[in-house]
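Residue numbers (UniProt numbering), protein chains in the order written: chain A, 1 to 116; chain B, 1 to 116; chain C, 1 to 116; chain D, 1 to 116. Worksheet: one structure, shown below.
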């Protein structure tokens, strides 16, 4: 499979197959999946504890990739349980964010939209 | 665009275009992106605070989709900054998880691999 | 020492002594301490992943106490670095929360103040 | 009340009075309190997003104190629900951490105990 052509749906199917092979769908209520997603995001962040980005990447590159992957995998599984199309919600949210952060106001500043 | 055929790379490009239109790449070091990803995962989880899954979905469905989308968007932008292929790391991590959780041992239990 | 009489300042001193014995004050900038506090709160939460409160307590009681203690320890060390009086900020915040959640409106409901 | 003499138990009582005045004990199961603690730790961390410690303190000092206080308040309320003595678990955990990080090995390094 050419990786350039992998669709989001292909990944959702790979993640849910992993889940269903283990009969884990029964544990996957949205609340516990949201907890798990938050825990994986923290495990990703742990790689940067006490260090700047460069040193973190130097020491923990492989684990950073793996924890980012786990965040993705839980996101894919949560989208399946919610029965929502990830492509659609991502593209819709990018449009909403674009309205919250109009280019002319947001360009080059890290301020929150409430402070623009 | 047929949503069934949206590739992960299409989403990465949409997210990085949003970022670059605002000249935000300068702020996007991996450490701060990992912080942001963790914050968005918490905002998702906040929808489930004090409630079970059913009541959370009833009251906060739209916000749940939006916060899940934000988690995805930061994941896409982090993968761009790390210059790593999301498809590859997700598929590799699913394989690694499959070895950590062999079907015959993990089926139907929510135990961690360290307890199997 | 009678535990009933332990002051918050006693605990701050115990935590900062632990830190200074190891010459760790140099790493303790507020941003990395806030990251660490968030990571410890996640480790606490991990004890409740996929389980209700009763089963979590049954299986993980000791670890729950230890992770809660780690959250406290980082809070104590952060208050030292910020040079802020924990007693004062806690009592002030309780007063502010009391204004946000007036008894007559907030009694018996889990709603956020924005929804009262 | 002389703030130097405020005990941890005084703070627990202030936090649980706030809770009981609003009849909120019914919502305070340990799992949802652990979620809330994690959410407050994230709100604290949000003050440091995209910024170094100095700029964060300059722009968000008051909010940093308030979110740290909220972390404390939830810790106090969780200790009450768990019926555990915060002084005891903090002092015990400091002793355990001291064994994990012996002074002669841990001095001046930010490494985890697994790497010492």
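For glycine and all other residues, C-beta sits at the position ideal for the given N, C-alpha and C.
- Residue 45 (chain D) sits away from residue 69 (chain C), with the two beta carbons spaced by 8 Å or more.
- In terms of beta-carbon proximity, residue 38 (chain D) lines the interface with chain A, with at least one pair separated by less than 8 Å.
- Under the three-state reduction of DSSP, residue 7 (chain A) is assigned to strand.
- Look at residue 110 (chain C) here: in three-state DSSP terms it is coil, with no helix or strand label.
- At least 8 Å separates the CB of residue 24 (chain C) from every CB of chain B.
- Shown here for residue 79 (chain D): same chain residues with a beta carbon closer than 7 Å to its own, the five before and five after excluded, namely 12, 86 in chain order.
- For residue 62 (chain A), not one C-beta of chain D is nearer than 8 Å to its own C-beta.
- The Cβ atoms of residue 14 (chain C) and residue 94 (chain D) sit closer than 8 Å to each other.
- Taking a Cβ-Cβ cut-off of 8 Å, the neighbours of residue 32 (chain D) in chain B comprise 49, 50, given in sequence order.
- The beta carbons of residue 81 (chain D) and residue 28 (chain D) sit closer together than 8 Å.
- Less than 8 Å divides the Cβ of residue 42 (chain A) from the Cβ of residue 38 (chain C).
- The beta carbon of residue 64 (chain D) sits closer than 6 Å to the beta carbons of 47 from its chain, once the five residues preceding and following it are set aside; these are given in chain order.
- The C-beta distance from residue 49 (chain B) to residue 32 (chain D) rounds to 7 Å, short enough to meet the 8 Å contact threshold.
- Put simply, the CB of residue 93 (chain C) is near chain D, with a gap under 8 Å to one of its CB atoms.
- With respect to chain D, the C-beta atom of residue 35 (chain A) has a partner C-beta closer than 8 Å.
- Counting only the Cα atoms, residue 100 (chain B) lies some 11 Å from residue 115 (chain B).
- Note on geometry: alpha-carbon atoms of residue 66 (chain D) and residue 90 (chain C) lie some 8 Å from one another.
- Contact of residue 99 (chain C) with chain D is not assigned, every C-beta pair being separated by 8 Å or more.
- Spanning the alpha carbons of residue 30 (chain C) and residue 17 (chain A) requires a straight line of approximately 43 Å.
- In terms of Cα proximity to residue 109 (chain A), the closest of B:10, B:21, B:8, B:6 is B:21.
- In the three-state scheme derived from DSSP, where H, G and I count as helix and E and B as strand, residue 19 (chain C) is classed as helix.
- A direct Cα-Cα distance of roughly 18 Å separates residue 36 (chain A) from residue 59 (chain C).
- Interface annotation, residue 12 (chain B): not in contact with chain A, CB-CB separation never under 8 Å.
- Spanning the alpha carbons of residue 40 (chain D) and residue 10 (chain C) requires a straight line of approximately 24 Å.
- Residue 8 (chain A) is positioned such that its CB atom lies closer than 8 Å to that of residue 8 (chain B).
- Contact with chain C is found for residue 65 (chain D), since one of that chain's Cβ atoms lies less than 8 Å from the residue's Cβ.
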